[in-house]
Amino acid sequence: MDRKENIRNAYRLTGSNNFYDGMITCSTVSGKAVCRLVWDMGKEECDEYLNKAFTGVPEDFAGKLLEVPVGTGILTMPLYQTLPRANITCLDYSPDMMGQAREKAERMGLQNVQFRQGDVGGLPYEDSSFDIVLSLNGFHAFPDKEAAYRETFRVLKPGGTFCGCFYVAGECRRTDRLIKKVYEPMKFFTPPYETVQSLKVRLEGMYADVQLGNLKSIAWFVCRKAERAEKMEEGHHE
11 MDRKENIRNA
21 YRLTGSNNFY
31 DGMITCSTVS
41 GKAVCRLVWD
51 MGKEECDEYL
61 NKAFTGVPED
71 FAGKLLEVPV
81 GTGILTMPLY
91 QTLPRANITC
101 LDYSPDMMGQ
111 AREKAERMGL
121 QNVQFRQGDV
131 GGLPYEDSSF
141 DIVLSLNGFH
151 AFPDKEAAYR
161 ETFRVLKPGG
171 TFCGCFYVAG
181 ECRRTDRLIK
191 KVYEPMKFFT
201 PPYETVQSLK
211 VRLEGMYADV
221 QLGNLKSIAW
231 FVCRKAERAE
241 KMEEGHHE
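Those letters in the sequence shown? Residues 11 to 248, by the working numbering.
Rendered as structure tokens:
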């Protein structure tokens, strides 16, 4: 069984229960315990890095947004309820996780959100298709991270925004140890991982403007892809 199937099978276990949602939002007793044990964070800190990532999505956004992976949708369906004029596409490799997100969207009456099962390493969209690409807590799980970076960049329009958050190594010894000893064997996380510095170098090499920070072992980022004119100007000066 290849790594992609291992990951999908692992997330099948979380897609149909509320423990995952409580953990990812740090909103239940068990979820708060996991957040404190693994990430050394409380709910306020979890909300802080998510809010930083969400600054890449304007309050009046009315363009096309791709979220990958959507997971169970617990973090973003409430956001999408405030964006009735946006055209939103949610993609995930795990149909079980995505099924939970679809159910949430249906319960909330979201008419502008569509779902598709797929692989971030081979996105089924044309170049320059989206104004925003949002990725929350995904890159540390993706088996082919290089392909994921290339594809999210490819489908983003010039001038568009790439924003999100994910685990970075080297910030908290206990977190790094638990990731290696628990999360990797369960196939929830897949090495190699970025550090804050390696992520900074990577994003600044790809995007025109980069806002990047971290809260302990979670990095958040908001990046703007260069306009075509900027690319041409840079090429002229080389």
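For each residue, glycine too, the CB sits at the ideal point set by N, CA and C.
Notebook entry, point to check: Where does P2 land, buried or exposed, given buried means 16+ other C-beta within 10 angstroms?
Noted result: Only positions 11 to 248 of the chain appear in this structure, which leaves residue 2 out of reach.
Next item on the list: Assign T82 to one of two classes, buried (16 or more other C-beta atoms within 10 Å of its C-beta) or exposed (fewer than that).
Entry: buried
Next item on the list: Counting only the same chain and skipping the five closest in sequence on each side, list residues whose C-beta sits under 7 Å from that of F140.
Entry: K74, L75, L76, V165, L166, K167 and G170
Checklist line | Local Cβ density within 10 Å of P68, reported as buried at 16 or more and exposed below that | finding: exposed
Check: Where does the unbroken alpha helix (DSSP H) through Q110 begin, and where does it stop?
Finding: P105 to M118
Notebook entry, point to check: Between the C-alpha atoms of V232 and C175, what's the straight-line distance to the nearest angstrom?
Noted result: 9 Å
Item checked: Among I98, W230, Y177 and K235, the one whose alpha carbon lies nearest that of Q121 -> I98
Margin query: Does the CB of G81 have a neighbour CB from chain D at under 7 Å?
Written below: Annotation note: the requested chain D is absent from the structure, which comprises a single protein chain.
Notebook entry, point to check: Under a three-way DSSP split, which group does E204 fall into?
Noted result: coil
Checklist line | Where S40 sits in the DSSP three-state scheme | finding: helix
Next item on the list: Taking M108 and F125 to be in contact with their CB atoms under 8 Å, please state how far apart those CB atoms are, rounded to whole angstroms.
Entry: 6 Å
Next item on the list: List the endpoints of the continuous beta strand (DSSP E) containing C56.
Entry: Per DSSP, C56 belongs to no beta strand (DSSP E); it is in the alpha helix (DSSP H), K53 to F64.
Check: Hey, out of T162, N28 and N224, whose CA is closest to L144's CA?
Finding: T162
Item checked: 8 Å contact criterion, which C173 and G66 should meet: CB distance rounded -> 3 Å
Notebook entry, point to check: Buried or exposed: where does E156 fall if 16 or more other Cβ atoms within 10 Å of its Cβ makes it buried?
Noted result: exposed
Next item on the list: Whole angstroms is fine: what's the gap from F71's alpha carbon to R234's?
Entry: 15 Å
Checklist line | Reduced DSSP category for E237 - H, G, I as helix; E, B as strand; rest coil | finding: coil
Notebook entry, point to check: Which first and last residues belong to the beta strand (DSSP E) in which G170 is found?
Noted result: L166 to Y177
Notebook entry, point to check: Is V130 near V78, with beta carbons less than 7 Å apart?
Noted result: yes
Notebook entry, point to check: Since E181 contacts K210 with CB under 8 Å, what's their CB separation in whole angstroms?
Noted result: No, E181 and K210 are not in contact; Cβ-Cβ is about 13 Å, not under 8 Å.
Next item on the list: Report yes if the C-beta distance between I228 and Y30 is below 7 Å; otherwise report no.
Entry: no
Note to self: So for D137, helix, strand or coil by DSSP?
What the structure shows: coil
Next item on the list: Quick one: grab the DSSP three-state call for I189.
Entry: helix
Next item on the list: Assign V178 to buried or exposed, taking buried as 16 or more other Cβ atoms, counted over all protein chains shown, within 10 Å of its Cβ.
Entry: buried
Item checked: Straight-line Cα distance separating A158 from H247 -> Per-residue confidence for H247 stands at a pLDDT of 43, beneath the threshold of 50, marking its modelled position as unreliable; no derived number is given.
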